[in-house]
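If you read the sequences in order, they're chains A and B. So in this note's numbering the end of the first sequence lands on 1497, straight run, no missing numbers. So in this note's numbering the end of the second sequence lands on 772, straight run, no missing numbers. Note that beta-carbon positions come from the ideal geometry of N, C-alpha and C, so glycine has one too. Notes follow once the structure below has been shown.
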Amino acid sequence: MLISRWSLRIFSKLAFRNKSLVEGSKCPYLLKLFEPVTSASRYYCIKLEGPSDTLNYQSNTPKPFDDIDYDSITGGDEETLSKLKRLILEIDLLYESGEQVPSHLRVDQWQNLLQLSSRSSRMKHLKYLFLIEKKKENRIVRKLEKRAERIERYENEPKNNHIEYGLLRNSMFHRIYEKQMNSLYNYRLCEAMLYGQDILIDCSYDGHMSLKEQTNCAKQLLLMWSYNRTHKDPFNIIFCNVDKESTVFKGLSKTIPTIDDPTFPLNYTKKNYLDLYPREKLVYLTPHCNEELKEYNHDDVYIIGAMVDKMKVEPLSLAKAKRDKIRMAKLPLDLYLDWKQGTKNLTINQMIMIMADLKIDNNWVSALKHIPKRKILDVDGYQRGLVGSNHKISAKRIRDDFRRNSVYNLLIKK
Amino acid sequence: MCSLLRKHLHWNLPKLVSARQTSIYTQRLLSVVTPDIIVPRKMKGRFASEEQKRIISEFVIKSNSSINDWGALKSSVLSIERGYINEKNINGCILEICSQQKRLDLVKSFMKYVKQCSQSKPNIALELLYIRSCYKSRYELTDDDQYEIQTNCQSLFKNNLHLLNSVLLEGIVMGICCTTLWRDSLKFIKESKIEGDVTLNTFVSVILRAFEEGEIDLGWTTVQNMFNLHRIIPLEIIAAWFNLCEKNINCSHRRVLEFLRDNEYIIRDNLAELIRSKLKQSGIKTTTTMIYHNSGKCKNCNQVLEHAEVTNSDFKILQERFLSNVMIGKNIFNNSSPQELNDFKDFIEITAPYDVVVDGLNLAYAYRGKIGDHSLTKIVMKNFIEKKLKVLLIGRKHLVKILGKEFDFIKQNAHIFFTNDLSKDDPFVLYAAMYSGIDTQILTRDLMRGHKYLLGDAAVKSIFQKWLQKHRLRLRIRAGDKVIIKEPITYLQATQESANGIWHMPYQEFKEPGSWSKPDSSPDKWMCIKM
C-alpha cells in the first residue's frame, strides 16, 4: 500500500504533538493540539491550567515586559539606556490602561521605537505592532484548526485496498518542485544578465523616508525582483547607490538571506549610476517632470528611484536628475488613461511590470494595464486607446459626471 | 471504454430522469442555500474585548456597597479568552472604568484589594492610574486621602527623577494638585528638565487649581507658558476664570480679551459662545457683527478697526527666513536651480523696486473661463500701466504660449521674468515682492499657505500673514467682462480695543471636515463687545 510523503509527514507530526502533550505539562505557555478528532470544543488551542491560579494570590504584581535584553538594545550606551527606561515606563502605563500594546517586543522593534521622537507616533507604531502580533496568533490558531479538520477528513474517508489516487495521494504526473521552478527562473535571469536589457534602481533615498516607508520600499523591491524573474523577457536589474547599512537594503537582505551568494542572480553596487553608464544614455523616470516617454528606446538605460513617498510628496528624483543633468521622462498616463483618484506616482513593482511589458512591443495600452483599477475613472478606462479619436470627448464627459456626482454626494451627506 | 460510457449515459438518461424531476432539480440548484443553524459569532479580537469591557462597566454601575467581590469580576472577565484584556492589564482596565464613572469609593476599594492580593506595593503604572482617577473626583477626597496621595506623589517624583517622562510628570502634577501642597507642582515641572515636552493636561490641572485658590498672577503666567508651547486654549480654563470673576471683584473679564489681544489668537466657536454667555450674565452687551472689507468699519458700531502694522525689523526677519527656509529649503534643486536663482537675484537688483508683482500663471489659470478669451492678463496689465505703476510679471516659460498675441503689448510695457518649466513660480513672486521693498503689492489669488508653513516659527508665520494680507490685491470680475482690482485688507484681524472701550473679537466657526473655507483667510465672524 502506498502512502504519499505528505500524509506521512502529517502523521509523524501528529505523533510528535501527542508526545509533547504528555511531556509538556512542565512548560505552561505552549500552544497545543488538544485531541483534534474526538474533542467537540471550538478551539483546539488551550493554555494549560496553572496561570489561572495566580489570579487569587499574585505573588508579585505582573509587569508587561520582564524579559528585556538591555545590553543588545542599547549597545552599552548610557544615554540610550535612560531613554529606554523612560520608554518602558511609558509603554507600561499604556499597557496598564488597556491600550492596544503588544505583549512582547523584539530587540529591533525596541530600537525602532527608540528612534521615534513624538509620543503619538510611538503610540501609532505600538498599535501597528499589536495588530501584527494578533494576526500571527490568529494564524497559528487557524492553522491548527485546519489541520485537525484535515486529519478528521482523512480518517473518515472510505478505505479501499487498492491504490489511492487524488490530491496528496498517488498521481500519474511527476511532481514539479519549487526548486525546479527556481532554477528555471534563475536561468532566465542569468541569461538576461548576459544578453538582456539593463535597468537601474537608485537606492539613495533612504534618508528621506520614514521607517514605515522604508520597510514598504524593501517589500516593493522584493516584489519587483520576483516579478521580473517570472517575466518572459526579464530585465537585468542593477541596484545602484546601495548602502549596505541602510534599512531598505537590510529589509531586502532579510527576506533574501542568500543575497550575497556568488551564484545568486541579483546585482547590487555601491557605485553611482554615472559611474556605470555614460550620461547621455541615462533616462530618469520621475512623475514630476514634463517630458513624456514616447516609446521604449532600447539604447537608453532607464533609472527608477527606490522611494516610497506616502507622507509628503517632494520632487526628490526631479531634483536629483536636474543636478546630475540627465534626461527625465514620465509615463504618458494622461494620454492613455482617465485618472480617477490617487497620486500619479506608481509603486516600484508596478513600474517594472509596465516597463517589462513595454519593452516587448512598445504597446502602451497593454503595458498600462498594470496600474490598479481603483485609480482609473471608468471600468473600461484602459481602452481609451488611440490618441485624437472621439473617445477623448466621452472621457471628458465621464470625468464631469464623476465630479458632479461627488458634489451631489457631499450635499446629500449634509 | 469512453465511448461505451457515453453511450450508456445517453441511453439511460431519459429513462432515469423524467421531465418533472429535472425541473425540480434545477430549481433547487438555483435557490440560495440558507444554513439551518446560525453559527454564533466567534468570541475574539475587538468583539471579545468589548464584551469584557461591558462586563466591567456593568459591574461598576450596579455595585452600591464598598465591599465588592473583585476576584469574581476578574475571573468572569478573563473567562473570555481571546480579548485584549489579560491578567497583566486587567487591574488598570478596571481602575480606568471606575474613574470614568467617577466612583471614588470603588477606586479605593479596588486599590485595597490589589494591595491585599499582592502583599506589596503596586507598580508605578497602577499607582499613576489611581492618582489620575482621584484627580477626576478631586472634590470628594478626604484629608487622609490627600495625605496619602501627597506622600505617594513625592516618593514617585523622588524615585523616578532620572527617568521622568511627560506622562509620569502629568500624573504626579495631577496628584499634587489635589492636595494643599499644589504649589510644588511648578517646582516639579521645573526640576523635571523636560520643559519642552510638558503635556497640556499638566498645565491645565495647575491652572485650574490656581484659579480656584485665587492666585491670579501665577495662573496667568502658566496660561502664557502653556500657550507658547501648545498654541491652544482649553475651554475649562476660561470657564474657571469666569467663575473666579464672580467671586472676586478684583478680577475682570477684560483679562481674557487682553490675553487674546496680546497673543493675536483667533478662538473657536465654542469658546466664543462661552465668553458671550458669561459676559451677558454680568450685564455686558455683545453683538455678532461683520467688518466691511474696504474700510475696516464695524457694521454694528461704525468704529474703524486698527491698522495691521509690520515693522521694518520684523520685515527684515521675514525676508531672511523666507530666503533660507522657502526659497532654498533643504535642496535648491527641488524648487529651482542655483543658476536660475542667481540670475533672478541679479535681475531684481537691476530692475527693483516695483509697485506691483503679478503672479502670471495664477492669473491665467485661476480666473480661467470667467472671461471669454485669454485677454484677462492684458486687461489687468493695462489697468496697472495706465496708473503709471511699475509692474513685474512672473511666470513659467510656457506662459508665452497661453498669452499668445497679447504678449507683445506686455513685453513693451512691463518687466518680465520667466522661470524654467520645471521650477516653482510662487516662491519667485514672493521673493520679488519682499526684496523690492515693504510697499510692493502682489496680485494673486493664492493664499500661500504652504509657503507660510515652511517658515516654521509661529511668530514669523504671523508676520508673514499680516504682510500678505496687507499687500495682496485681488480681482473681482463682474458681468460684461468688467474687471475690478480690489484693494487689500488693511485692518488688523485680531482681538482689539478701540479708544472708547469697545472690543472687537474675531472667531472661527466650527466646520465640517471637507467644507470650503473663506477664500481670503479672514476670520468667519466678529463679536462687538461694549464694556
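Taking the C-alpha atoms as reference points, what is the distance between residue i and residue j?
i: residue 465 (chain B); j: residue 1325 (chain A); result: 49 angstroms
i: residue 1323 (chain A); j: residue 1286 (chain A); result: 6 angstroms
i: residue 1399 (chain A); j: residue 575 (chain B); result: 6 angstroms
i: residue 1474 (chain A); j: residue 641 (chain B); result: With a pLDDT of only 47 at residue 1474 (chain A), under the threshold of 50, the placement of this residue in the model should not be trusted, and no figure is reported.
i: residue 363 (chain B); j: residue 668 (chain B); result: 59 angstroms
i: residue 1096 (chain A); j: residue 332 (chain B); result: In this predicted model, residue 1096 (chain A) has a pLDDT of only 47, less than 50, meaning its place in the structure is not dependable; the value taken from the coordinates is given anyway. Their backbone Cα atoms lie some 40 angstroms apart in a straight line.
i: residue 655 (chain B); j: residue 1333 (chain A); result: 57 angstroms
i: residue 733 (chain B); j: residue 546 (chain B); result: 7 angstroms
i: residue 400 (chain B); j: residue 460 (chain B); result: 28 angstroms
i: residue 482 (chain B); j: residue 527 (chain B); result: 19 angstroms
i: residue 1492 (chain A); j: residue 607 (chain B); result: 25 angstroms
i: residue 628 (chain B); j: residue 650 (chain B); result: 16 angstroms
i: residue 617 (chain B); j: residue 660 (chain B); result: 21 angstroms
Determine the chain B residues that contact residue i at a beta-carbon separation under 7 angstroms, and present them in chain order.
i: residue 1402 (chain A); result: 572, 574, 575
i: residue 1183 (chain A); result: 325
i: residue 1398 (chain A); result: 575
i: residue 1165 (chain A); result: 403, 404
i: residue 1406 (chain A); result: 574
Quick check on this structure: which residue in the options has the alpha carbon closest to the alpha carbon of residue i?
i: residue 443 (chain B); options: B:455, B:425, B:454, B:456; result: B:425
i: residue 1202 (chain A); options: A:1319, A:1177, A:1224; result: A:1177
i: residue 341 (chain B); options: B:301, B:500, B:354; result: B:301
i: residue 601 (chain B); options: B:571, B:638, B:589; result: B:638
i: residue 670 (chain B); options: B:468, B:370, B:564, B:755; result: B:564
i: residue 566 (chain B); options: B:581, B:471, B:691; result: B:691
i: residue 1349 (chain A); options: A:1274, A:1415, A:1224; result: A:1274
i: residue 1290 (chain A); options: A:1416, A:1390, A:1257; result: A:1390
The alpha helix (DSSP H) that contains residue i, what's its start and end?
i: residue 1258 (chain A); result: It is not in any alpha helix (DSSP H) - residue 1258 (chain A) carries neither H nor E in the DSSP assignment.
i: residue 748 (chain B); result: No alpha helix (DSSP H) holds residue 748 (chain B); the beta strand (DSSP E) holding it covers 743–748.
i: residue 469 (chain B); result: 457–471
i: residue 1175 (chain A); result: 1161–1179
i: residue 1157 (chain A); result: 1153–1157
i: residue 496 (chain B); result: 495–504
i: residue 567 (chain B); result: Taken as a continuous stretch (DSSP letters only), residue 567 (chain B) belongs to no alpha helix (DSSP H), as it is neither H nor E.
In terms of residues, what are the limits of the beta strand (DSSP E) holding residue i?
i: residue 530 (chain B); result: 526–530
i: residue 482 (chain B); result: That residue, residue 482 (chain B), is in no beta strand (DSSP E); its alpha helix (DSSP H) goes 476–488.
i: residue 1244 (chain A); result: Element bounds for residue 1244 (chain A): n/a, residue is neither H nor E.
i: residue 1422 (chain A); result: Unbroken run through residue 1422 (chain A): none, as it is neither H nor E.
i: residue 393 (chain B); result: Note, residue 393 (chain B): premise wrong, no beta strand (DSSP E); alpha helix (DSSP H) at 384–400.
Take residue i and list the residues in its own chain whose beta-carbon comes closer than 7 angstroms to its own, dropping the five residues that flank it on each side.
i: residue 304 (chain B); result: 347
i: residue 411 (chain B); result: 440, 442, 443
i: residue 1213 (chain A); result: 1183, 1184, 1185
i: residue 1353 (chain A); result: 1325
i: residue 707 (chain B); result: 549, 551
i: residue 321 (chain B); result: 284, 289, 292, 293
i: residue 1471 (chain A); result: The predicted model places residue 1471 (chain A) with a pLDDT of 46, which falls under 50 and marks its position as unreliable; any figure quoted below should be read in that light. Hits under 7 angstroms: none found.
Could you name the residues of chain A that residue i contacts, counting a contact when the two beta carbons are closer than 9 angstroms?
i: residue 400 (chain B); result: Per Cβ cutoff of 9 angstroms: no residues; residue 400 (chain B) is ~11 angstroms from chain A at best.
i: residue 366 (chain B); result: 1146, 1147, 1172, 1175, 1176, 1177, 1178, 1179, 1180
i: residue 334 (chain B); result: 1179, 1180, 1181
i: residue 337 (chain B); result: 1179, 1180, 1181
Which same chain residues, not among the five before or five after residue i, have their C-beta less than 8 angstroms away from its C-beta?
i: residue 750 (chain B); result: 510, 765, 766
i: residue 621 (chain B); result: 599, 604, 684, 716, 724, 726
i: residue 773 (chain B); result: Residue 773 (chain B) lies beyond the range of chain B shown here (242 to 772); nothing can be said about it.
i: residue 490 (chain B); result: none
i: residue 1305 (chain A); result: 1335, 1338, 1339
i: residue 777 (chain B); result: Because chain B in this structure spans residues 242 to 772, residue 777 (chain B) falls outside the shown range and cannot be described.
Report all residues from its chain with a CB closer than 6 angstroms to the CB of residue i; omit the five preceding and five following residues, and keep chain order.
i: residue 1303 (chain A); result: 1430, 1431, 1432
i: residue 647 (chain B); result: 619
i: residue 746 (chain B); result: 736, 768
i: residue 1125 (chain A); result: A caution first: residue 1125 (chain A) carries a pLDDT of 41, below 50, which makes its placement in the model unreliable, though a value can still be read off. If we look at residue 1125 (chain A) and ignore the five residues flanking it on each side, it has no Cβ neighbours.
Which chain A residues sit within Cβ distance under 8 angstroms of residue i?
i: residue 441 (chain B); result: Chain A residues near residue 441 (chain B): none, gap ~12 angstroms exceeds 8 angstroms.
What does residue i touch in chain B if you count any residue whose Cβ is under 8 angstroms from its own?
i: residue 1169 (chain A); result: 404, 405, 406
i: residue 1217 (chain A); result: 286
Can you pull the chain B residues whose beta carbon is under 9 angstroms from the beta carbon of residue i, in chain order?
i: residue 1373 (chain A); result: 639, 662, 663
Cβ closer than 7 angstroms: which chain A residues qualify as neighbours of residue i?
i: residue 409 (chain B); result: 1172
i: residue 578 (chain B); result: 1405
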